[in-house]
Every structure is written in structure tokens, then in C-alpha cells.
Amino acid sequence: MHTVEELIDRVRQRGGKVTPQRVLIYQALLGDVTHPTAEQLHQRLCGLLPHLSLTTVYAVLNDLVDAGELRRFETGDGQIHYDPDTEPHAELVCLRCKRIQDAPPPLGRSPLPEVVGGFRVLMRTELLHGMCPECQKELAAAAHAEHDAG
Ligand SMILES: [Zn+2]
């Protein structure tokens, strides 16, 4: 993961444009470990940038994905999620509340193979689907209440 300054340098080195609007999008994205969607980032930035369109957010995110600065993946909830952490790692996905969080090391941290079956490998998405601690508690409490109600 980079700092905003590092990211700006890298985008400039590639000849990309860096506008104040883009810098705010980078800032919102880089500290984010919730794997937001473009819509969530857009909503979060609306207060700061009232004229920011969702199309612009998508364009900036897609630029970063193409440059290898951002990971884009789906978890089965019909949404596209973004992760500024481009190092290999696994994600935990709750089937009930749909939350996504990074799995603790060493899960998913093995280095990427360079070439597999003639494919040059650029990234890997590793998802573990299950039930988060909060959902487990809620389900246990609901089962308990049902039992008490008889
Ligand atoms: Zn959950």
C-alpha cells in the first residue's frame, strides 16, 4: 500500500494527470480497508466535492486498476469492490451481512507465480466465504430467543 504522495508520483511518472479531484479520491481510497464500491466512495466524497459524478469516480478507479495500483474484484453480492492493497492477500467475506475484511497473514500471502499455463500472472483474488463473528452472535441469539419462546 502506498501513501497518497507515492501514488501521485507513480501516476505522474506514467504520464497520468493528477487533479485536485483525483487527489481527494486517492485519499478516500487509500486509507480504506472496507473494500468499498464506486458508489460508496462517491457517496463519501459528495460532501467534499458536490459536483463529483459517479462516472468520474469510475474513470479514476479504472485508471488505477489498469495501472496496477488498485485491485478490483467481485464477491458474489453483485457489486464490484476495490482494494488499494495490491500485495497478495486473502479476503474474508460474510455470506450474511456481506462485509469483506482482509484475512490475517499468512493466508493468501504466498508470492504470485510469474507464468502459469502460458499466462503472465498479474494478480490473484482469494476469497474465503463464511459467517462473521457478529452474524454468528446474532444468529445464536435469535436461535436462543426462538427456543425460549418455545
Ligand atoms: Zn456478517
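Offset between the sequence shown (1-based) and the numbering used here: plus 1002.
Idealized CB from N, CA, C, for every residue including glycine.
Within a Cβ cutoff of 8 Å, which residues of the same chain sit near residue i, ignoring the five residues on either side of it in sequence?
i	result
G1017	none
H1083	H1037, P1038, T1039, R1074, F1075, E1076, T1077 and I1102
When burial is assigned at 16 or more other CB atoms within 10 Å of the CB, is residue i buried or exposed?
i	result
A1142	exposed
A1151	exposed
L1056	exposed
R1111	exposed
H1044	buried
L1009	buried
When you compare the CB positions of residue i and residue j, do they come within less than 7 Å of one another, or not?
i	j	result
L1114	P1090	yes
T1077	V1059	no
I1027	V1062	yes
A1092	L1072	no
A1030	L1047	yes
M1133	R1098	yes
L1032	V1006	yes
For the alpha helix (DSSP H) that contains residue i, what are its first and last residues?
i	result
C1137	P1135 to A1151
E1008	V1006 to Q1015
R1046	A1040 to C1048
L1063	L1056 to D1068
Can you list, in chain order, the residues of its chain with a C-beta nearer than 7 Å to that of residue i? Leave out the 5 residues immediately preceding and following it.
i	result
V1117	V1123
R989	Residue 989 lies beyond the stretch modelled for the chain, which goes from 1003 to 1152, so this question has no answer here.
K1100	D1079
Over the uninterrupted beta strand (DSSP E) stretch that includes residue i, give me the two end residues.
i	result
D1085	I1082 to D1085
A1092	A1092 to C1096
L1129	E1128 to G1132
R1111	Neither: R1111 is in no beta strand (DSSP E) and is coded neither H nor E.
Using three-state DSSP, classify residue i as helix, strand or coil.
i	result
E1116	coil
D1034	coil
D1104	strand
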